[in-house]
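From first to last, the protein sequence lines stand for chains A and B.
Read in order, the letters of the first sequence correspond to residues 70 to 231 in this note's numbering.
Read in order, the letters of the second sequence correspond to residues 70 to 231 in this note's numbering.
Beta carbons: idealized from backbone N, C-alpha and C, even for Gly.
There are 2 protein chains.
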Amino acid sequence: MPYRPFVNQNCSIARALEVVGERWTLLVMREVLLGRRRFAEIKRNVGIAPNILSDRLQTLVGHGLLERQLYSEHPESYEYVLTGKGLDLAPILIALQQWGDRHAPAEGGPPRIPVHTVCGHDTQPQLSCSHCGKPIGSGELQVRPGPGASNEQLAEGTLPKG
Amino acid sequence: MPYRPFVNQNCSIARALEVVGERWTLLVMREVLLGRRRFAEIKRNVGIAPNILSDRLQTLVGHGLLERQLYSEHPESYEYVLTGKGLDLAPILIALQQWGDRHAPAEGGPPRIPVHTVCGHDTQPQLSCSHCGKPIGSGELQVRPGPGASNEQLAEGTLPKG
């Protein structure tokens, strides 16, 4: 089934979702981010059919989020290694994990807790402002039209973001 | 087409995706976060078929991310208002936007630029540690098994996260 792109939106969220928004893709990337690089272990942990996993991995390699590397010649087998572009998905997955922990919780509490390796403590990563350094609270962001804005987006001006 | 859940994963990312991972859903939520609350304007901006939008809105109301409120009696019409649970999606959409800006850029540059309303400046929100307050760099997170971990997750111990 061909994937119809989100056309005419002029939106970086839509463009990101064209790459990673397909069902299973973010779960496959979760596995690689957790250090699982091999087809069989990704397949097992995600519970994905092999033909679909094969297709998703090919797409992710094609878009430059993963690299396929030979790790054994006899038998010939490969592993999938993160690129910088793939590693940059981490904040998306962290945000999904935090939302799930809070709003769709598992019985018994969070299955996984993030740890900040630099300070060594459990952490709930939070957004902070690159300008003033303060934590960004709920409803404290707006968006203004950027250099790539369409005429319509320019006319809208600044909008709330939540 | 029924949506088969991501079963047996014991993962908050998978549980979050069961609510918001369907095609179009995050784009619908983007619109509401940008202040568009009415069916017609969401439909136009997302470029979504009305039957699909109707279904997605119903799902989002059912899961408690949006509330349907009467805003006009003659003619009878409704708008969709964010709940706290819906507003908490903002960090996911910001992370997607930043990834799209960087790795799937529009010609001419970012269509939209986040502004921190508290300090009034453009911002590139970044993750910081809730314990030590420092920005969290790429590859500086791990995950450890939490109270809801399965036996298998407990046996895995601490894993990298990118």
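- Task: Measuring alpha carbon to alpha carbon, tell me which of Ile-121(A), Leu-196(A), Ile-182(A) ends up nearest His-190(A).
- Result: Taking the first residue of the first sequence as 1, we reach residue 190(A) at position 121. Answer by Cα proximity: Ile-182(A).
- Could you please tell me which residues of the stretch 114-137 of chain A, in chain order, have their CB closer than 7 Å to any CB of chain B? Hits within the stretch, in order: Gly-116.
- Message: Applying the 10 Å Cβ sphere with the 16-neighbour rule, what's the burial state of Gly-153(A)?
- Response: Mapped onto the first sequence, residue 153(A) falls at position 84. Its Cβ having fewer than 16 others within 10 Å, Gly-153(A) is exposed.
- Item | Segment contact, 8 Å Cβ cut-off, at least three pairs: the stretch 199-207 of chain A with the stretch 184-203 of chain B | A contact between stretches requires three or more CB pairs, one per stretch, nearer than 8 Å, and the stretch 199-207 of chain A meets this requirement with the stretch 184-203 of chain B.
- Message: Let's test the definition: count the other Cβ atoms within 10 Å of the Cβ of Ala-218(B) and tell me whether it reaches 16, buried, or not, exposed.
- Response: By 1-based counting over the second sequence, the position of residue 218(B) is 149. Ala-218(B) comes out buried.
- Task: For Leu-151(A), name the three-state secondary structure that DSSP assigns.
- Result: Mapped onto the first sequence, residue 151(A) falls at position 82. In the structure shown, Leu-151(A) sits in a strand (DSSP, three-state: E or B).
- Query: Using the beta-carbon of each residue, which ones in chain B are nearer than 8 Å to Ile-111(A)?
  - Reply: Here residue 111(A) corresponds to residue number 42 of the first sequence, with the count starting at 1. Listed along the chain, the chain B residues whose CB falls inside 8 Å of the CB of Ile-111(A) amount to none; the nearest CB is some 12 Å away.
- Task: Under 9 Å between beta-carbons, which chain B residues line up against Glu-176(A)? List them in chain order, please.
- Result: One-based indexing of the first sequence puts residue 176(A) at position 107. For the C-beta of Glu-176(A), the chain B residues within less than 9 Å are, from N- to C-terminus, Gly-217.
- Item | Cutoff 8 Å: Asn-77(A) Cβ touching any chain B Cβ | As a working mapping, residue 77(A) is identified with position 8 in the first sequence. Nearest CB-CB separation between Asn-77(A) and chain B: below the 8 Å threshold.
- Query: Since Ser-141(B) is in the beta strand (DSSP E), which residue starts that stretch and which ends it?
  - Reply: As a working note, residue 141(B) is residue 72 in the second sequence. Start and end: 135-142.
- Kindly indicate which three-state DSSP category Asp-191(A) falls into: helix, strand or coil? The count along the first sequence starts at 1 and reaches residue 191(A) at position 122. The DSSP-derived three-state label of Asp-191(A) is strand.
- Item | Nearest candidate by alpha-carbon position, reference Leu-210(B), set Leu-156(A), Glu-148(A), Gly-116(A), Leu-86(A) | By 1-based counting over the second sequence, the position of residue 210(B) is 141. The shortest Cα separation from Leu-210(B) among Leu-156(A), Glu-148(A), Gly-116(A), Leu-86(A) belongs to Leu-156(A).
- Query: In chain order, what residues of the same chain lie with their CB nearer than 8 Å to the CB of Arg-125(A), ignoring the 5 residues before and after it?
  - Reply: In the first sequence, the residue the question calls residue 125(A) occupies position 56. Leaving aside the five residues that flank Arg-125(A) on each side, the residues in its chain whose CB is nearer than 8 Å to its CB run, in chain order, Glu-91, Trp-93, Thr-94, Val-97, Ile-117.
- Message: Would you call the stretch 159-173 of chain A in contact with the stretch 124-141 of chain A, where contact means no fewer than 3 C-beta pairs closer than 8 Å?
- Response: These segments do not touch.
- Message: Excluding the 5 residues flanking Trp-140(A) on each side, which residues of the same chain have their C-beta closer than 7 Å to its C-beta?
- Response: Counting from 1 along the first sequence, the entry for residue 140(A) is found at position 71. Rather than Trp, the amino acid found at residue 140(A) in this sequence is Tyr. So the list reads Ser-146, Tyr-147, Glu-148, once near-sequence residues are dropped.
- When you compare only the Cα positions, how much space is there between Pro-179(B) and Lys-230(A)? Here residue 179(B) refers to the residue found at position 110 of the second sequence. Here residue 230(A) refers to the residue found at position 161 of the first sequence. Straight-line Cα distance between these residues: approximately 16 Å.
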